Amino acid sequence: MDHVDHILIVDDDREIRELVGNYLKKNGLRTTVVADGRQMRAFLETTPVDLIVLDIMMPGDDGLLLCRELRAGKHKTTPVLMLTARNDETDRILGLEMGADDYLVKPFAARELLARINAVLRRTRMLPPNLVVTEASRLLAFGRWRLDTSARHLLDEDGTMVALSGAEYRLLRVFLDHPQRVLNRDQLLNLTQGRDADLFDRSIDLLVSRLRQRLLDDAREPAYIKTVRSEGYVFSLPVEILGDQS
42 MDHVDHILIV
52 DDDREIRELV
62 GNYLKKNGLR
72 TTVVADGRQM
82 RAFLETTPVD
92 LIVLDIMMPG
102 DDGLLLCREL
112 RAGKHKTTPV
122 LMLTARNDET
132 DRILGLEMGA
142 DDYLVKPFAA
152 RELLARINAV
162 LRRTRMLPPN
172 LVVTEASRLL
182 AFGRWRLDTS
192 ARHLLDEDGT
202 MVALSGAEYR
212 LLRVFLDHPQ
222 RVLNRDQLLN
232 LTQGRDADLF
242 DRSIDLLVSR
252 LRQRLLDDAR
262 EPAYIKTVRS
272 EGYVFSLPVE
282 ILGDQS
């Protein structure tokens, strides 16, 4: 039987939950709707999902806190699309910083939400176009770090795993497959997100900042990801391809 994508919708507005849930069902998706973080946690304890639509403005634990919680736990790679009631760049920045894969401003057309969900799912399931990869090798080594490309784990020199969101993994993978080559923001957007996602210009800068934090890379004097003024970014260290470690 073909896999049907399961979407979890977390929103305290009952009308929105029902409208979105019904629309996605009519378009071939499986949906579950919950009203808050408590219900979200309880559901995820027993049932895996393919993507979470998460409202920011909710009583109790808001969407930003819940997104950060997801990224720190066992659901760290589950795609998250955040909904915000304000067309405010601050919300979008915070959402991306917490690890969201995309965002949508209320009120929105259900058709646009469906398009964004499908775009995020595509991005998380396939490597970006034009990305040269070496899937036969399991580990990419650089500096004090190794990236397990099968498990999508970032490992430090002691073997401690550092969690990466889906967007952070894709960006790191782009840099590791194009080391010591300047990539501008348009190229990075295209390689990591695709043009079907209408992300704002600062999203790549925010994602680079997050990835630097994961790599313990000092933004003032970065050793891994350097800023090239007026051009973009360059991953400055060589990358070694290690054999299958399984």
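Counting along the sequence shown from 1, when you hit position 29 you're at 70 in the working numbering, and nothing is skipped either side.
For every residue, glycine included, the Cβ atom is placed at its ideal position computed from N, Cα and C.
Treat the numbers as computed from the prediction; the structure is a model and nothing was measured.
Buried or exposed: which applies to Glu262, given that a residue is buried once 16 or more other Cβ atoms fall within 10 Å of its Cβ? exposed
(request) Figure out for me which residue from Gly104, Pro89 and Val90 has the closest Cα to the Cα of Asp96. (result) Gly104
Work out the CA separation of Ala182 and Ile282 for me, nearest whole Å. 6 Å
* To do: Compute the distance between the beta-carbons of Met99 and Ala126, then report whether it is under 7 Å.
  => no
Can you tell which of Lys67, Ala150, Arg79 and Arg71 has its C-alpha closest to the C-alpha of Asp52? Arg79
**Request:** Just the C-alpha distance for Arg226 and Trp186, rounded to the nearest angstrom, thanks.
**Result:** 24 Å
| message | I need the DSSP call for Tyr210, collapsed to helix, strand or coil. | response | helix
task: May I have the straight-line CA-CA distance separating Arg253 from Arg71, to the nearest angstrom?
output: 36 Å
- Grab me the residues of Ala76's own chain with a C-beta within less than 6 Å of its C-beta, minus the 5 sequence neighbours each way, in chain order. Only Asp53 meet the Cβ criterion.
- request: Alpha carbon to alpha carbon, how far is Tyr210 from Ala113? Give it in angstroms, no decimals.
  value: 14 Å
| request: Compare the C-alpha of Val161 against each of Gly200, Gly207 and Gly101 and name the closest. | output: The residue with the shortest Cα to Cα distance from Val161 is Gly207.
### Query
Where does Leu60 land, buried or exposed, given buried means 16+ other C-beta within 10 angstroms?
exposed
- prompt: Apart from the five residues just before and just after Gly141, which ones in its own chain have a Cβ nearer than 6 Å to its Cβ?
  reply: Gly is not the amino acid found at residue 141; the sequence shown has Ala there. Apart from sequence neighbours up to five positions away, the residues of its chain that approach Ala141 with a beta-carbon distance below 6 Å are Cys108, Val121 and Met123, ordered along the chain.
Look up Lys147 in the DSSP assignment and say whether it is helix, strand or coil. coil
Exercise. DSSP three-state call for Phe241: helix, strand or coil?
Worked result: For Phe241, the pLDDT reaches just 47, beneath the cut-off of 50, and the residue's location in the model is therefore unreliable, although a value from the coordinates is still provided. In the three-state reduction of the DSSP assignment, Phe241 falls in the coil class.
Requested in this report: Count the other C-beta atoms from every protein chain shown that fall within 10 angstroms of the C-beta of Gly200, then say buried if there are 16 or more, exposed otherwise.
Outcome: By the Cβ-count criterion, Gly200 is exposed, with fewer than 16 other Cβ atoms from all chains shown falling within 10 Å of its own Cβ.
Beta-carbon gap between Thr73 and Leu49 smaller than 7 Å
yes
| field | Host beta strand (DSSP E) of Arg71 (start-end) | value | In the DSSP annotation of this structure, the continuous segment of the beta strand (DSSP E) that includes Arg71 starts and ends at Arg71 to Val75.
For this session: Report the residue ranges of all alpha helix (DSSP H) runs contained in full by the region 70-125; include only those spanning at least 4 residues, in chain order.
Result: 78-87 and 104-113
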